[in-house]
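S.K.: Quick one: the structure is below, and I'll ask about it shortly.
Number of protein chains: 2
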Amino acid sequence: MPRKTLPVADGGQAPERADAAENRRKILAAAAELIEARGVEALSMDEVARAAGVGVGTVYRRFGDRATLVYAVVDARERDFQAAFLGGPAPLGPGAEPRARIRAFLHALVDRTEEQLELLLMAEMDSADARFKEGSYALYQQHLTLLLSEVRPDADAAYLSDALLAPLAANLYRYQRRTRGMSVARIKKGYDDLLAQVTG
Amino acid sequence: MPRKTLPVADGGQAPERADAAENRRKILAAAAELIEARGVEALSMDEVARAAGVGVGTVYRRFGDRATLVYAVVDARERDFQAAFLGGPAPLGPGAEPRARIRAFLHALVDRTEEQLELLLMAEMDSADARFKEGSYALYQQHLTLLLSEVRPDADAAYLSDALLAPLAANLYRYQRRTRGMSVARIKKGYDDLLAQVTG
DNA sequence: AAGGTAAGCGGAGGATTCTCCGTTTACTGC
DNA sequence: GCAGTAAACGGAGAATCCTCCGCTTACCTT
Chain H
7 MPRKTLPVAD GGQAPERADA AENRRKILAA AAELIEARGV EALSMDEVAR AAGVGVGTVY
67 RRFGDRATLV YAVVDARERD FQAAFLGGPA PLGPGAEPRA RIRAFLHALV DRTEEQLELL
127 LMAEMDSADA RFKEGSYALY QQHLTLLLSE VRPDADAAYL SDALLAPLAA NLYRYQRRTR
187 GMSVARIKKG YDDLLAQVTG
Chain A
7 MPRKTLPVAD GGQAPERADA AENRRKILAA AAELIEARGV EALSMDEVAR AAGVGVGTVY
67 RRFGDRATLV YAVVDARERD FQAAFLGGPA PLGPGAEPRA RIRAFLHALV DRTEEQLELL
127 LMAEMDSADA RFKEGSYALY QQHLTLLLSE VRPDADAAYL SDALLAPLAA NLYRYQRRTR
187 GMSVARIKKG YDDLLAQVTG
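Line order of the protein sequences matches chains H and A. So for the first sequence, this note's numbering puts the first residue at 7; every next one is plus one. So for the second sequence, this note's numbering puts the first residue at 7; every next one is plus one.
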């Protein structure tokens with residue numbers, strides 16, 4: 007039953023040979039281009055392999071599965087956002103008080119979910135844990151945990167940040183927007199209320 | 007590209023012919039049995055069809071896709087839980103004060119997520135919105151919204167209940183439990199803290 | 001109770017994802 | 001340089017999901 011076999015995360019980080027690195031670049035570029043051109047829905051692994059000029063086996067060795075590949079594309083697109091909250095200007099970046107940074111961070115995250123919705127959705131659907139394992143989730147969660155622990159040192163900041171990021175799961179977000187017709191403003195307002203309660 | 011085509015929810019509710027209803031029953035029973043016997047991972051639609059004694063096309067006409075079928079099985083298993091919070095004894099059922107009911111409800115939901123994790127995971131992965139569209143999510147969300155609006159009439163209860171249910175998404179829950187090693191108790195405690203803040 | 005019709009049925013086949021493993025290639029130590 | 005080895009490559013093929021459409025059947029109307 008080859009439908010899905012979650013690839014075991016290999017603990018050791020072998021330094022990756024030169025040809026392998028080159029192929030990773032080619033594959034990533036090809037995937038990004040194909041998505042740009044025809045949408046995520048239409049992205050097939052065979053096609054990516056052909057466009058990148060490698061065998062399909064190579065695509066799978068580098069990226070494990072579809073979801074991981076798509077997340078890699080998302081990540082590449084988000085590099086600048088990540089730089090912004092790590093080292094950019096306040097209130098997103100350092101300098102502002104924690105409460106303000108948390109708020110700015112979550113609002114920004116709502117915006118990027120809105121923008122990348124299609125991609126995120128596709129990636130989430132293909133693999134149960136690519137979102138957490140491969141995507142930038144770990145980074146976001148860590149960032150939020152740190153900020154929260156400053157504001158509420160008594161609480162389980164790690165759990166709390168999971169809980170605050172959870173409503174941004176692509177499938178829920180899409181359901182709220184498309185099926186229930188909630189506006190982006192309403193979602194942000196909902197977050198504000200939540201934050202007002204949680205961060206005091 | 008036939009990988010996925012979300013079935014359009016047909017607004018009209020044609021009353022379903024007798025043979026169709028019978029086949030639905032047979033398919034559901036076969037699916038439940040196969041899952042029981044060999045796990046969700048190994049469940050193939052062709053196999054379900056064969057075990058139920060119908061064509062594979064019939065399975066798809068009745069249930070649209072894998073996710074919907076799996077959710078139907080989950081729902082069948084959860085009938086009693088649903089009865090418990092709708093009409094059972096307090097604090098889950100009516101009679102207790104809203105705050106206590108909310109707490110009992112979420113704790114119970116954590117337990118059922120723990121129990122049905124494999125099934126929920128599989129169903130979530132196959133379809134982006136089967137969880138919301140087909141599963142009992144709507145019921146849970148409605149219930150929670152009602153309780154919340156009693157406690158916090160000023161807030162956006164609908165959004166808030168989405169946000170409180172979001173951490174129970176199977177993929178996040180599994181990640182917390184398996185990869186990060188959080189205990190069930192810790193998760194419940196996290197909820198308690200959240201509730202203490204949100205419901206005052 | 002007979003005829004008409006909308007709904008249901010079945011299973012072959014297209015499309016896709018991912019695995020497997022024999023062959024090729026980049027790096028290391030001498 | 002050169003040989004040895006671990007890593008990477010490629011693509012055929014297995015497994016699966018879901019669609020399509022010609023045939024069949026339950027239900028309603030008269």
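For every residue, glycine included, the Cβ atom is placed at its ideal position computed from N, Cα and C. What you are looking at is a predicted structure, and each value in this text was computed from that prediction instead of being measured.
1. How many angstroms separate the CA atom of A/Ala102 from the CA atom of A/Ala96?
2. What first and last residue would you give for the alpha helix (DSSP H) that runs through A/Pro104?
3. So H/Tyr181 and A/Asp135 are in contact, right, with Cβ under 8 Å, and what is the actual spacing, rounded?
4. Using a Cβ-Cβ cutoff of 9 Å, what residues of the segment 178-193 of chain A are near chain H? List them in chain order.
5. Can you give me the C-alpha to C-alpha distance between A/Gly206 and A/Ala35, rounded to a whole angstrom?
6. Would you call the CB atoms of H/Asp81 and H/Ser133 closer than 8 Å?
7. What is the C-beta distance between A/Leu171 and A/Gln147, in whole angstroms, given that I count them as a contact (C-beta under 8 Å)?
8. Can you tell me where the alpha helix (DSSP H) with A/Gly93 in it begins and where it stops?
9. What does H/Asp168 reach in chain A if we use C-beta pairs closer than 7 Å?
10. Using a beta-carbon distance cut-off of less than 8 Å, what residues from the segment 113-132 of chain A approach chain H?
11. Roughly how many angstroms separate the alpha carbons of H/Ala15 and H/Arg68, rounded to a whole number?
12. How would you list, in chain order, the residues of chain A whose beta-carbon sits under 9 Å from the beta-carbon of H/Arg137?
13. Decide yes or no for the touch test of the segment 34-52 of chain H against the segment 105-113 of chain H: beta carbon pairs closer than 8 Å, at least 3 of them.
14. Report the neighbours of H/Val157 on chain A: residues whose CB is nearer than 8 Å to its CB, in chain order.
15. Between H/Gly196 and chain A, is the shortest Cβ-Cβ distance under 8 Å, so that the two count as touching?
16. With a Cβ-Cβ cutoff of 8 Å, do A/Ala37 and A/Val54 count as a contact?
17. Could you check the C-alpha separation between H/Val65 and H/Phe138 for me, to the nearest Å?
18. Would A/Ala161 pass as an interface residue toward chain H - the criterion being a Cβ-Cβ separation below 8 Å?
19. Count the other CB atoms within 10 Å of the CB of A/Arg186; is the residue buried (16 or more) or exposed (fewer)?
20. With 16 as the cutoff for other CB atoms within 10 Å, does H/Ala175 come out buried or exposed?
21. Closer than 8 Å, CB to CB, is H/Ala24 near chain A or not?
22. Give the interface partners of H/Ala134 over in chain A, defined as CB-CB distance under 9 Å, in chain order.
23. Quick one: what does DSSP say H/Pro173 is sitting in, helix, strand or coil?
24. What do you reckon, are the CB atoms on A/Ala129 and A/Tyr77 nearer than 8 Å?
25. For H/Tyr165 and chain A, any beta-carbon pair shorter than 8 Å?
26. Mind checking A/Ser189: buried by the 16 CB within 10 Å criterion, or exposed?
27. What does H/Val79 reach in chain A if we use C-beta pairs closer than 9 Å?
28. Would you list, in chain order, the members of the segment 28-56 of chain A that have their beta-carbon closer than 8 Å to a beta-carbon of chain H?
29. Identify which residue in H/Leu123, H/Ser155, H/Arg158, H/Glu140 has its Cα closest to the Cα of H/Asp71.
30. Out of A/Leu200, A/Ala191, A/Lys194, which one is the CA nearest neighbour of A/Leu166?
31. Straight-line CA distance for A/Met7 to A/Leu152?
32. What's the gap between the Cα of A/Glu22 and the Cα of A/Leu40?
33. Taking any Cβ of chain H, which residues in the segment 58-75 of chain A have a Cβ under 8 Å from it, in chain order?
M.R.: If we stick to the structure as given:
1. A/Ala96 has its alpha-carbon roughly 6 Å from the corresponding atom of A/Ala102.
2. A/Pro104 -> alpha helix (DSSP H) spans 104-121.
3. That belief holds up - the Cβ atoms of H/Tyr181 and A/Asp135 are roughly 6 Å apart, short of 8 Å.
4. Against chain H - using a Cβ distance shorter than 9 Å - the residues of the segment 178-193 of chain A are Leu178, Arg180, Tyr181, Gln182, Arg184, Thr185, Arg186, Met188, Arg192, Ile193.
5. Roughly 45 Å between the two C-alpha positions.
6. Inclusion of H/Asp81 and H/Ser133 in the CB contact set at 8 Å is not warranted, their separation being larger than that value.
7. The beta-carbon distance between A/Leu171 and A/Gln147, rounded to whole angstroms, is 6 Å. This is short enough to meet the 8 Å contact definition.
8. Looking at the DSSP string, the run of the alpha helix (DSSP H) that includes A/Gly93 is 72-93.
9. Near H/Asp168 (Cβ distances below 7 Å), the residues of chain A are Pro173, Leu178, Gln182.
10. Against chain H - using a Cβ distance shorter than 8 Å - the residues of the segment 113-132 of chain A are Leu127, Glu130, Met131, Asp132.
11. Only weak support exists for where H/Ala15 lies, its pLDDT of 38 falling under 50; the value from the coordinates is given anyway. Cα to Cα, the separation comes out at about 12 Å.
12. Ordered by position in chain A, the residues that pass the 9 Å Cβ test against H/Arg137 are Asn177, Leu178, Tyr181.
13. Touching, no, given that fewer than three Cβ pairs across the two stretches are closer than 8 Å.
14. Within chain A, no residue comes near H/Val157; the closest Cβ sits about 12 Å away, beyond 8 Å.
15. So, interface residue.
16. Result yes, Cβ atoms of A/Ala37 and A/Val54 sit closer than 8 Å.
17. For H/Val65 and H/Phe138, the distance between alpha carbons rounds to 21 Å.
18. A/Ala161 belongs to the set of residues whose beta carbon lies under 8 Å from a beta carbon in chain H.
19. Looking at its Cβ environment, which holds fewer than 16 other Cβ atoms inside 10 Å, A/Arg186 is exposed.
20. Buried is the label assigned to H/Ala175, since at least 16 other Cβ atoms lie within 10 Å of its Cβ.
21. Look at H/Ala24: its C-beta is not under 8 Å from any C-beta on chain A.
22. By Cβ distance, chain A contributes Leu127, Met128, Glu130, Met131, Ala176, Asn177, Arg180, Tyr181.
23. DSSP places H/Pro173 in the helix class (H, G or I) of the three-state scheme.
24. Taking 8 Å as the Cβ cut-off, A/Ala129 and A/Tyr77 qualify as a contacting pair.
25. At least one CB of chain A lies nearer than 8 Å to the CB of H/Tyr165.
26. Burial call: exposed.
27. Against chain A, the beta carbon of H/Val79 has no neighbour under 9 Å; the closest one sits roughly 17 Å away.
28. Within the segment 28-56 of chain A, those residues whose Cβ lies closer than 8 Å to any Cβ of chain H are, in chain order, Glu47, Ala48, Ser50.
29. The shortest Cα separation from H/Asp71 among H/Leu123, H/Ser155, H/Arg158, H/Glu140 belongs to H/Glu140.
30. Proximity to A/Leu166 across A/Leu200, A/Ala191, A/Lys194 peaks at A/Leu200, based on C-alpha coordinates.
31. Per-residue confidence for A/Met7 stands at a pLDDT of 41, beneath the threshold of 50, marking its modelled position as unreliable; the derived number appears in the next sentence. Rounded to the nearest whole angstrom, the CA to CA distance from A/Met7 to A/Leu152 is 42 Å.
32. Their backbone Cα atoms lie some 25 Å apart in a straight line.
33. Hits within the stretch: zero.
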